[in-house]
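Beneath this line is the structure, given in structure tokens, with notes to follow.
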Amino acid sequence: MVQRPIPTMKLELKTETNNEYPPQLVVRTGGCSVTGRKPLNQDAFAVKIPTNIAELKYKGVIATIADGISSSDSSQKASETSVTEFIDNYMDTPTLWSVKMSVGKILKSLNNWLFHHVQQGNASSNTMVAAFTGVVLKSNTSYIFHAGDCRVYLYRDQQLTKLTQDHRRYTSKSQHHLTRALGIDSHLEIDYQSIPIQQGDLFLLSTDGIHDTLTEKQMTVSIYHALSTSICDSESSNLEVTAKYLVDSALDAGSNDNATCLFLSVDALPPASFEECFRDRSEQVTPPVFTNGQRIDHYHIIRVIHSGSRSHIYLAQSELDGKRYVLKMPSQNFSDDVVYLSGFIREGCVGEQVRQRGVMRIYPHSVRSPFLYHICDYVDGVTFRQWMLDHPTPSLSEVRVLGKGAIKAMRVLQRMAVVHRDIKPDNFMVDGDMNVTLIDYGTVQSEGLKEIFGHVKENYPVGDLNYAAPEYLRSNQATLVSDVFSLGVTIYELLSNHLPYKPVNASNSITDNPKNYTPVTVFRTDIPDWFDASLKKACHPISTVRYQVLSEFENDLMNQNQELTQPRDTISLMEKNPLWFWKGFSAILFVFVLLELVLLVC
15 MVQRPIPTMK LELKTETNNE YPPQLVVRTG GCSVTGRKPL NQDAFAVKIP TNIAELKYKG
75 VIATIADGIS SSDSSQKASE TSVTEFIDNY MDTPTLWSVK MSVGKILKSL NNWLFHHVQQ
135 GNASSNTMVA AFTGVVLKSN TSYIFHAGDC RVYLYRDQQL TKLTQDHRRY TSKSQHHLTR
195 ALGIDSHLEI DYQSIPIQQG DLFLLSTDGI HDTLTEKQMT VSIYHALSTS ICDSESSNLE
255 VTAKYLVDSA LDAGSNDNAT CLFLSVDALP PASFEECFRD RSEQVTPPVF TNGQRIDHYH
315 IIRVIHSGSR SHIYLAQSEL DGKRYVLKMP SQNFSDDVVY LSGFIREGCV GEQVRQRGVM
375 RIYPHSVRSP FLYHICDYVD GVTFRQWMLD HPTPSLSEVR VLGKGAIKAM RVLQRMAVVH
435 RDIKPDNFMV DGDMNVTLID YGTVQSEGLK EIFGHVKENY PVGDLNYAAP EYLRSNQATL
495 VSDVFSLGVT IYELLSNHLP YKPVNASNSI TDNPKNYTPV TVFRTDIPDW FDASLKKACH
555 PISTVRYQVL SEFENDLMNQ NQELTQPRDT ISLMEKNPLW FWKGFSAILF VFVLLELVLL
615 VC
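The sequence shown runs 15 to 616 under the working numbering.
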């Protein structure tokens, strides 16, 4: 008699409390396999929980279970080979391959090897055929692949749900044979699906020695009882105990086959990937407009912060943790606008990825909601726009503090290779201690996001055109350097309450002529020329002349760059102050006109 239990394997990756480091996937496993009333155990299972963070991220947790057919003496080898070889080969596949591609190629190769072994052996007793089922838990998604009559169940909220279908053909009420399995045919057809997972989910993989004997109701009761017992007894708080309890329940109920089961418990989840975020949020609907005192999910609306044509923003309190959050909801005016909704979803996907100070955090929903909205940090402050109204003539030192804070926030996105595309005073907030927070990501773009949202066509530049770089206005293609332009315009406006160029409209657009730039010293004569020179370079219409990295811009805002400044007596009046130049030029022309009139009269 062969018994193949494995010890409970537990991954204890410490969830970082520092917001700089996001939590990782944490999974516990436990299984049990017994021979039962048969002379040989032809079941097998295996699990791989990577201890390497990169492998955990790109490969995930892998669990496999197999059941060799009882009519062959080689079935034990077939099942053992299937589960171990699959995991070994899966871990060796390129990280750029999708789970589906990796699974398909490995199972095809494994099936060919088992099938050709049968042909070479030329004996039915030497057949290497096994039902096979596997699960990969990666990020916030489970990937399930299956051929045969092993099963996968999901135990969630004390309910057991079967996720696979048996590949069997019944010849009588009690007799059947497999229609799909590894090694049964040269061509292998696999059932494949992916489903979102939640923290607290429990996956069960089982062979027919268990699920052919116990009903789903009996299995649910057994799992509930085992979990309840292990919670009360901390020394037995593991899934191997639960697996053994389920196996014993099947044997006590009269199972005459090998009995094997394997549990996977999802204890913690990492932030959802962009693909997962888009998938989940695309299924949500636009919520109605709320008023003070109403509820949405477990949030109590305290007051309306903003209610406009594009969005509604509320201050709310969570009934789960008692904390206050800002809820941002799309307007129902745009419930059918694909471009607007994709931008809103994109904002949530990016906001859930960032945890650094200076960038507003968006939290994933703690419970599944049918509604599309963001759960944001509450920032106690005002926008740059309001700050300008409150400080019409700010000091240079104040503006430099705000500029430095804005650069710090933008660096967070740039490290993610994300282009914001709508940097402007309305999208920054500053609190009483002059801490700056970037609060809006609805227009962000990156190569990764293009793959997901590529089907959504933006026929015109998004964001405020007065802050958009010329190359973005012309081609609808923005880069990180385009954001530098927008930041330069923003800092210029903070200091002067004016724009460096004429407002953009249908009849007037920014050209590549740098002479269109109005020096900030025209509006603020107390500002040194070297500071204006840094703004001029940041706002330069030609992208290659602009600062290519934010650190250079920050350095020139804080310190005089001699290479940018000319001696004041070498600068033409038109460059120093174009307004005075044109006023003087007009006055001279007026004098000439008067002289001509005098000569004509005389």
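Backbone N, C-alpha and C define an ideal beta-carbon position, used for all residues, glycine too.
Every value quoted in this text rests on a predicted model; they were computed, and no experiment measured them.
Relative to the C-alpha of C147, which candidate in D222, D171, M105 has its C-alpha closest? Checking the displayed sequence, the identity of residue 147 turns out to be Thr instead of Cys. With distances taken between Cα atoms, T147 lies closest to D222.
Suppose the cutoff is 8 Å on Cβ atoms and the five residues either side in sequence are ignored; what does the same chain contact list for A601 look like? none
* Classify T243 as helix, strand or coil using the three-state DSSP reduction. => helix
Compute the distance between the beta-carbons of S383 and L334, then report whether it is under 8 Å.
no
ask   = Going by beta carbon distance, what residues of the same chain come within less than 8 Å of C246, once the five residues before and after it are set aside?
value = With a pLDDT of 45 at C246, under the threshold of 50, the modelled position of this residue cannot be trusted; read the value that follows with caution. Closer than 8 Å at Cβ, skipping near neighbours: no residue.
Review point. Looking at the structure shown, is L334 part of a helix, part of a strand, or coil, going by DSSP?
Key: coil
Taking the alpha-carbon positions, what's the G162 to E290 distance? 29 Å
When we look at the beta-carbon of T95 and count the other beta-carbons within 10 Å, is it buried (16 or more) or exposed? buried
Do three or more CB pairs link the region 382 to 402 to the region 328 to 347 at distances below 8 Å? yes
**Prompt:** When you compare only the Cα positions, how much space is there between V559 and F499?
**Reply:** 11 Å
Check your understanding: When the distance is taken between beta carbons, is A60 closer than 8 Å to A144?
Key -> no
With contact counted as at least three CB pairs below 8 Å, one residue from each stretch, are the region 298 to 315 and the region 262 to 269 in contact? no
Within this structure, are the beta carbons of L128 and M142 separated by less than 8 Å? yes
Count the other CB atoms within 10 Å of the CB of E485; is the residue buried (16 or more) or exposed (fewer)? buried
Item to check | Environment of F606 [buried if 16+ CB atoms lie within 10 Å] | outcome: exposed
Is G223 helix, strand or coil by DSSP? helix
- request: Put L196 into one of helix, strand or coil per three-state DSSP.
  value: strand
Does the region 189 to 199 come close enough to the region 234 to 242 that 3 or more CB-CB pairs lie under 8 Å? no
Per DSSP, which one or two residues make a beta bridge with L128? BP columns for L128 are empty, so no partner.
Inset, instruction - Starting from F537, follow the alpha helix (DSSP H) in both directions and report where the run begins and ends. - result: That residue, F537, is in no alpha helix (DSSP H); it is neither H nor E in DSSP.
Practice item. Tell me where the beta strand (DSSP E) around Y455 begins and ends. Key: Taken as a continuous stretch (DSSP letters only), Y455 belongs to no beta strand (DSSP E), as it is neither H nor E.
I209 versus R194, S188, F159, residue with shortest Cα-Cα distance: F159
Exercise for review: Leaving aside the five residues before and after Q172 along the sequence, list all residues of the same chain whose C-beta is less than 7 Å from its C-beta, in chain order.
Suggested key: Y238
Handout entry: Span of the beta strand (DSSP E) around S208
Key = 205 to 210
_Contact set for Y184: own chain, Cβ-Cβ below 8 Å, skip 5 residues either direction_ = H190
Original post:
If you compare alpha carbons, which of L416, A286, N480, D447 is closest to K152?
Top reply: A286
| said: What does the Cβ neighbour count give for M572, buried or exposed, with the cut at 16 atoms within 10 Å? | reply: exposed
message: By the three-class DSSP mapping on this structure, what secondary structure does V413 have?
response: helix
- Message: DSSP three-state label for V280, please.
- Response: strand
Starting from T141, trace the alpha helix (DSSP H) in both directions and tell me its first and last residue. That residue, T141, is in no alpha helix (DSSP H); it is neither H nor E in DSSP.
Checklist line | Counted within 10 angstroms of its Cβ, other Cβ atoms place L603 as buried (16 or more) or exposed | finding: exposed
- Just mark L124 as buried or exposed, buried being the case when its beta carbon has 16 or more other beta carbons within 10 Å. buried
Can you check which of these residues, G50, T397, S242, A273, is closest to A80 by C-alpha distance? A273
Inset, instruction - Would you mind working out which of K516, N511, L501 sits nearest N562, comparing C-alpha positions? - result: It should be pointed out that residue 562 corresponds to Gln in this sequence rather than to Asn. The residue with the shortest Cα to Cα distance from Q562 is L501.
Note down the Cα distance separating V40 from T65, rounded to an integer number of angstroms. 11 Å
Alpha carbon to alpha carbon, how far is N511 from T493? Give it in angstroms, no decimals. 26 Å
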